[in-house]
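Participant:
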Amino acid sequence: MTKMVLQNVRVVDFSWQGVGPLTVRYLAHHGAEVVRIESGTRPDMVRAVHPMKEGLDPNGGGYFANFNSGKYGMTLNLKHPKGLAIAKRLVARADIVADNFTGGVMQKLGLGYDQLTRVKPDIIAISMPLMGQTGPKREYRAHGPQLAPLAGLGTLIGWPDRKPCGSPSAYTDWFVPHFAAVAVLAALAYRHRTGKGQYIDFAQREAAIYSLGEAILDHTANQRSLSRMGNRSPYAAAAPHGAYRCQGDDRWCVIAVFDDAQWQRFCAVLGNPLWTKEERFATILGRVEHAEALDQLVEQWTVNYAAEDVMAMLQGVGIAAGVVKNGKDLVEDPQLTHRGLFRVLEHPVMGNCIYDGPSFILSKTPGEVTRPGPCLGEHNHFVCTDLLAMTDEEFTQLAADGVFD
Amino acid sequence: MKNDASPDAALAGLRVLDLADEKGWLCGSLLGSLGADVIKIEPPGGDPTRSLGPFFHNHAHCEQSLHWFFFNRSKRGITLNLTVPSGRDLFQRLAASADVILESFPPAYLDGIGLGYATLSALNPGLILTSITPFGQSGPYMEYEASDIVGMAMGGLMSIQGDADRPPVRTAVSQAYAQAGMQAAVGTLIAYYHRQLTGEGQQIDVSMQAAVTYATDCAPIFWDLERFIPRRLGSRRTWGQVVSEQVWEAKGGYVVGWLGMMGGQTGAVLLDWMREAGAGEDPAEAGKGLDLGRGVSRTQDMTQEDVERREARVTQFLKQLPASEAYEEGQRRGLEIGIMCEFADILSDVQLQERGFFIPVAHPELGESIVYPGAPFKMSESPLCMERRAPLLGEHNEAVYLGELGLSPGELQILKEANVV
Numbered sequence: 002m003t004k005m006v007l008q009n010v011r012v013v014d015f016s017w018q019g020v021g022p023l024t025v026r027y028l029a030h031h032g033a034e035v036v037r038i039e040s041g042t043r044p045d046m047v048r049a050v051h052p053m054k055e056g057l058d059p060n061g062g063g064y065f066a067n068f069n070s071g072k073y074g075m076t077l078n079l080k081h082p083k084g085l086a087i088a089k090r091l092v093a094r095a096d097i098v099a100d101n102f103t104g105g106v107m108q109k110l111g112l113g114y115d116q117l118t119r120v121k122p123d124i125i126a127i128s129m130p131l132m133g134q135t136g137p138k139r140e141y142r143a144h145g146p147q148l149a150p151l152a153g154l155g156t157l158i159g160w161p162d163r164k165p166c167g168s169p170s171a172y173t174d175w176f177v178p179h180f181a182a183v184a185v186l187a188a189l190a191y192r193h194r195t196g197k198g199q200y201i202d203f204a205q206r207e208a209a210i211y212s213l214g215e216a217i218l219d220h221t222a223n224q225r226s227l228s229r230m231g232n233r234s235p236y237a238a239a240a241p242h243g244a245y246r247c248q249g250d251d252r253w254c255v256i257a258v259f260d261d262a263q264w265q266r267f268c269a270v271l272g273n274p275l276w277t278k279e280e281r282f283a284t285i286l287g288r289v290e291h292a293e294a295l296d297q298l299v300e301q302w303t304v305n306y307a308a309e310d311v312m313a314m315l316q317g318v319g320i321a322a323g324v325v326k327n328g329k330d331l332v333e334d335p336q337l338t339h340r341g342l343f344r345v346l347e348h349p350v351m352g353n354c355i356y357d358g359p360s361f362i363l364s365k366t367p368g369e370v371t372r373p374g375p376c377l378g379e380h381n382h383f384v385c386t387d388l389l390a391m392t393d394e395e396f397t398q399l400a401a402d403g404v405f406d
Numbered sequence: 452m453k454n455d456a457s458p459d460a461a462l463a464g465l466r467v468l469d470l471a472d473e474k475g476w477l478c479g480s481l482l483g484s485l486g487a488d489v490i491k492i493e494p495p496g497g498d499p500t501r502s503l504g505p506f507f508h509n510h511a512h513c514e515q516s517l518h519w520f521f522f523n524r525s526k527r528g529i530t531l532n533l534t535v536p537s538g539r540d541l542f543q544r545l546a547a548s549a550d551v552i553l554e555s556f557p558p559a560y561l562d563g564i565g566l567g568y569a570t571l572s573a574l575n576p577g578l579i580l581t582s583i584t585p586f587g588q589s590g591p592y593m594e595y596e597a598s599d600i601v602g603m604a605m606g607g608l609m610s611i612q613g614d615a616d617r618p619p620v621r622t623a624v625s626q627a628y629a630q631a632g633m634q635a636a637v638g639t640l641i642a643y644y645h646r647q648l649t650g651e652g653q654q655i656d657v658s659m660q661a662a663v664t665y666a667t668d669c670a671p672i673f674w675d676l677e678r679f680i681p682r683r684l685g686s687r688r689t690w691g692q693v694v695s696e697q698v699w700e701a702k703g704g705y706v707v708g709w710l711g712m713m714g715g716q717t718g719a720v721l722l723d724w725m726r727e728a729g730a731g732e733d734p735a736e737a738g739k740g741l742d743l744g745r746g747v748s749r750t751q752d753m754t755q756e757d758v759e760r761r762e763a764r765v766t767q768f769l770k771q772l773p774a775s776e777a778y779e780e781g782q783r784r785g786l787e788i789g790i791m792c793e794f795a796d797i798l799s800d801v802q803l804q805e806r807g808f809f810i811p812v813a814h815p816e817l818g819e820s821i822v823y824p825g826a827p828f829k830m831s832e833s834p835l836c837m838e839r840r841a842p843l844l845g846e847h848n849e850a851v852y853l854g855e856l857g858l859s860p861g862e863l864q865i866l867k868e869a870n871v872v
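Going down the list, the protein sequences come from chains A and B. Residue numbers for the first sequence follow the numbering used here, so the first one is 2 and each next one is one higher. Residue numbers for the second sequence follow the numbering used here, so the first one is 452 and each next one is one higher.
1) Quick check on the burial criterion: 16 or more other C-beta atoms within 10 angstroms. Buried or exposed for Thr42(A)?
2) Taking 8 angstroms as the cut-off, does the stretch 691-702 of chain B touch the stretch 710-723 of chain B (at least 3 CB pairs, one atom from each stretch)?
3) With a threshold of 7 angstroms between beta carbons, is Ala719(B) in contact with chain A?
4) Near Leu117(A), what residues of its chain come up, given a Cβ to Cβ distance below 7 angstroms and the 5 sequence neighbours on each side ignored?
5) Which chain B residues are close to Ile97(A), counting only those with a beta carbon under 8 angstroms from its beta carbon?
6) If you reduce the DSSP assignment to three classes, tell me which class Gly249(A) lands in.
7) Taking the DSSP output, what are the residues bridged to His242(A)?
8) In this structure, what does DSSP give as the bridge partners for Trp690(B)?
9) Considering only the alpha carbon of each residue, which of Asp488(B), Leu541(B), Ile600(B) lies closest to Leu853(B)?
10) Mapping DSSP to helix, strand and coil, what is Glu677(B)?
11) May I have the straight-line CA-CA distance separating His380(A) from Tyr200(A), to the nearest angstrom?
12) According to DSSP, is Asn353(A) helix, strand or coil?
13) Measuring alpha carbon to alpha carbon, tell me which residue in Ile529(B), Trp476(B), Trp519(B), Lys474(B) is nearest Glu855(B).
14) What would DSSP say about Leu769(B), mapped onto helix, strand or coil?
15) Touching or not, the stretch 573-583 of chain B and the stretch 225-243 of chain A, by the rule of three or more beta carbon pairs under 8 angstroms?
16) For a test of the three-state rule: what should DSSP assign to Ala18(A), helix, strand or coil?
17) In the DSSP assignment, find the unbroken beta strand (DSSP E) run with Gln654(B) in it and report its ends.
18) Which of the three DSSP states, helix, strand or coil, is assigned to Glu34(A)?
19) Could you check the C-alpha separation between Asp675(B) and Ala813(B) for me, to the nearest Å?
20) Indicate the three-state DSSP secondary structure (helix, strand or coil) for Gly287(A) in the structure shown.
21) Give me, in chain order, the residues of the same chain whose beta-carbon lies closer than 7 angstroms to that of Ser226(A); leave out the 5 immediate sequence neighbours on both sides.
22) Would you identify the three-state DSSP class for Phe405(A), choosing helix, strand or coil?
23) Taking the DSSP output, what are the residues bridged to Val467(B)?
24) Rank Val332(A), Leu186(A), Arg11(A), Arg288(A) by C-alpha distance to the C-alpha of Gly358(A) and give the top, closest one.
25) If we require 4 or more residues per run, which alpha helix (DSSP H) segments fall completely within the stretch 591-654 of chain B?
26) Report the partner residues of Trp699(B) according to the DSSP bridge assignment.
27) Mind checking if Ser748(B) is an interface residue toward chain A, Cβ cutoff 7 angstroms exclusive?
28) My guess is that Ala661(B) and Gln653(B) are in contact by the Cβ rule of under 8 angstroms, so how many angstroms apart are they, rounded?
29) How is Ile217(A) classed by DSSP in three states: helix, strand or coil?
30) Does Trp699(B) get closer than 7 angstroms to chain A when you measure Cβ to Cβ?
31) Just tell me which of Arg48(A), Tyr73(A), Val50(A) has its CA closest to the CA of Val12(A).
32) Under three-state DSSP, which class holds Ile797(B)?
33) Where His31(A) and Thr371(A) are concerned, what is the direct C-alpha to C-alpha distance, given to the nearest angstrom?
34) When burial is assigned at 16 or more other CB atoms within 10 Å of the CB, is Asn454(B) buried or exposed?
35) Under 6 angstroms Cβ to Cβ from Leu342(A), same chain only, skipping five residues before and after it: list those, please.
36) Interface residues of chain A around Trp674(B) at Cβ under 7 angstroms?
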């Protein structure tokens with residue numbers, strides 16, 4: 002049997018939408034037992050968005066199934082005293098509790114950190130709202146795609162002569178979970194050493210600001226504000242550096258040439274056309290200064306070839322070049338296929354479809370995707386009778402009382 | 452603790468040797484901030500990052516790179532030449548007592564110089580070797596070169612960024628590197644937990660390309676389930692059957708939100724706000740009952756034509772309002788509305804200030820402190836330590852070579868002269 006690192010770790014997951022579930026998914030993929038708790042009357046809204054398998058069945062949503070792979074799914078009415086009691090029984094046998102409600106919500110439900118520690122003194126609890134647990138704006142609302150602009154990242158995407166693109170998707174939803182997972186794993190390491198649990202106050206916006214990197218210091222130390230610049234390389238001098246149109250409909254290859262030696266090899270691949278010998282392109286300073294003209298000339302070459310061929314020709318001489326891959330390209334990508342990144346699982350409503358596997362591979366204890374995300378309330382009976390050792394009669398009575406609504 | 456970290460720090464006692472380049476930047480510094488003793492190992496002439504701007508007050512100097520400062524905080528620093536046998540021998544001695552080694556050499560490079568996982572784990576069975584490469588340790592692209600823009604492109608993120616009538620666009624700060632480094636940190640700590648339980652180490656194969664695929668808004672699943680390929684739409688975004696604007700010009704900036712297609716109660720809030728501000732009503736909307744329903748019924752109710760008509764009204768309305776006022780008023784009324792922040796906005800934000808998010812970090816050699824982002828999250832029992840600046844070149848050579856490995860000052864001198872250290 003494969004060793005799963007977190008096979009003795011139990012998580013009660015009250016989070017929903019993107020950041021919370023994606024944080025917990027790392028744990029599920031490496032063996033943790035995760036019970037994902039939802040409201041039956043207000044299910045996770047991510048269940049109802051595309052990609053979907055025909056129709057709008059709330060159990061046919063690809064996002065939800067992907068974000069919640071490996072987890073058990075339970076519906077609980079936390080406002081019902083017996084619903085809350087079940088939640089606390091799950092906490093009593095758990096190691097980690099996760100939520101991403103606005104500050105104060107868990108407390109009102111009776112599941113604040115002080116209340117949780119009465120049930121399980123060494124519990125590790127992480128709350129992951131947008132703005133954090135404290136502060137004058139802690140209850141400000143935002144939707145995922147708005148957080149990249151709020152973190153200062155949205156203004157860095159786009160072209161200098163146009164308004165910013167913001168973020169095409171909820172980009173920070175795909176960035177901050179890594180921080181939250183590190184926080185939880187660090188807390189697990191700490192607890193292993195000391196026996197103590199703790200509370201993690203995680204503000205999505207604060208972790209998101211780390212995506213700004215060195216540009217933040219350029220502002221605080223030099224009062225300079227980086228702004229969107231298309232595909233220019235802001236600090237490491239490079240030209241050509243950008244996305245170049247290739248043969249076909251909306252097909253592009255990115256190319257990055259950093260130094261004189263690379264430039265020589267690049268020109269050789271193109272067959273050393275006359276324009277490459279122009280004085281203005283002879284040095285890195287000249288190439289950067291005349292980058293726009295250079296880009297146009299490079300594109301006159303790339304446009305004759307498939308993006309895959311441009312990549313292969315340039316990589317053949319050690320130049321960084323890559324196809325701008327879309328969703329279809331990723332599914333068919335030979336390297337990702339070699340890594341087994343996408344796992345095919347059978348889902349009760351969607352049939353066979355793909356799920357993200359772990360992006361990193363541990364040599365002795367690799368992660369696994371054991372099941373697709375649960376249908377609404379799919380594991381109510383299992384959680385109650387298998388994990389909490391209730392009888393069928395008890396379960397039926399609870400259902401009749403509306404505890405799972 | 453050797454690294455001045457508190458014994459209460461979450462990762463106190465964890466020893467990390469950091470050989471990684473930009474693909475591992477966020478990993479090493481975050482582990483250090485959590486209390487691990489992270490030793491950055493640079494070639495004797497200095498890590499290439501030291502030549503990268505922006506520079507402190509624009510002084511292009513190896514001890515004034517803000518790039519170097521940001522990504523190497525919370526670490527100690529030594530110099531070591533791995534290209535010569537004497538250097539590799541010293542590295543083996545360091546590796547024997549390390550818990551984690553972070554590296555981003557091409558696949559098989561460390562094997563080639565006798566420092567691969569097989570050799571090091573024989574010396575130290577509990578060792579965790581986190582290996583970060585553009586595409587992975589094996590496979591058809593294993594030897595491909597990549598910078599951040601290649602990671603963004605090959606991982607699928609660039610295909611959804613940018614205006615439709617222009618090339619796909621990257622982000623001005625490196626996101627592929629950031630994704631690789633952060634996911635490496637997650638993998639490393641999973642492996643460390645296994646090590647705590649069993650004593651067993653292992654190697655972790657981190658791929659920058661695979662890491663970036665997590666940021667594509669499920670593009671592969673759109674293809675698999677719907678045979679749909681999401682495309683770049685600038686500041687517009689698809690929601691179900693409609694495409695709607697996200698970024699709205701206001702006075703002095705932009706607000707952000709699904710304001711063009713809100714139905715249900717939130718839609719009613721927006722319509723009320725516009726009406727109260729004198730923007731009137733759209734008779735066509737009342738006739739269609741677009742103030743009913745919520746959730747998925749929003750997109751079911753609104754056609755693309757409805758959305759564009761609403762967008763025209765919202766555009767006119769917001770253009771006349773100062774951006775920060777529109778943001779505050781929208782929030783006050785309960786709308787999910789955001790604002791496009793510039794650096795100055797973030798630094799002056801009252802929420803971040805109240806939470807003490809930004810902190811000064813002392814750089815005595817510069818005679819100044821620089822304001823940095825502080826802890827990315829707050830831990831109640833084991834707070835992060837964010838105050839230690841990046842190391843100077845060879846700053847901890849004596850502490851490590853003399854104090855820990857037991858070399859004599861004379862020996863260190865010889866190694867320095869021979870460019871081993």
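Cβ coordinates follow ideal geometry from the N, Cα and C atoms, glycine included.
Facilitator: Well, looking at it:
1) exposed
2) yes
3) no
4) Val92, Val98, Ile124, Ala126
5) Neighbours of Ile97(A) on chain B: none; closest Cβ ~12 angstroms, over 8 angstroms.
6) When DSSP states are grouped into helix, strand and coil, Gly249(A) belongs to the coil group.
7) Ala257(A)
8) Val693(B)
9) Leu541(B)
10) Helix.
11) 28 angstroms
12) strand
13) Ile529(B)
14) helix
15) no
16) The residue you asked about is not Ala; residue 18(A) is Gln in the sequence shown. In the structure shown, Gln18(A) sits in coil (DSSP, three-state: anything other than H, G, I, E or B).
17) 653-658
18) strand
19) 51 angstroms
20) helix
21) Counting only Cβ-Cβ distances below 7 angstroms, and skipping sequence neighbours, we find His220.
22) coil
23) Val489(B), Val551(B)
24) When each option's Cα is compared against that of Gly358(A), the closest is Val332(A).
25) 599-605, 626-649
26) Val706(B).
27) Interpretation of Ser748(B) is limited by its pLDDT of 42, a score under 50 that renders its predicted location unreliable; no figure is taken from the coordinates.
28) Ala661(B) to Gln653(B), Cβ: 18 angstroms. No contact.
29) Residue state, collapsed to three classes: helix.
30) Trp699(B) does not count as touching chain A.
31) Tyr73(A)
32) The DSSP-derived three-state label of Ile797(B) is helix.
33) 10 angstroms
34) buried
35) Gly358
36) Gly328, Lys329, Val332
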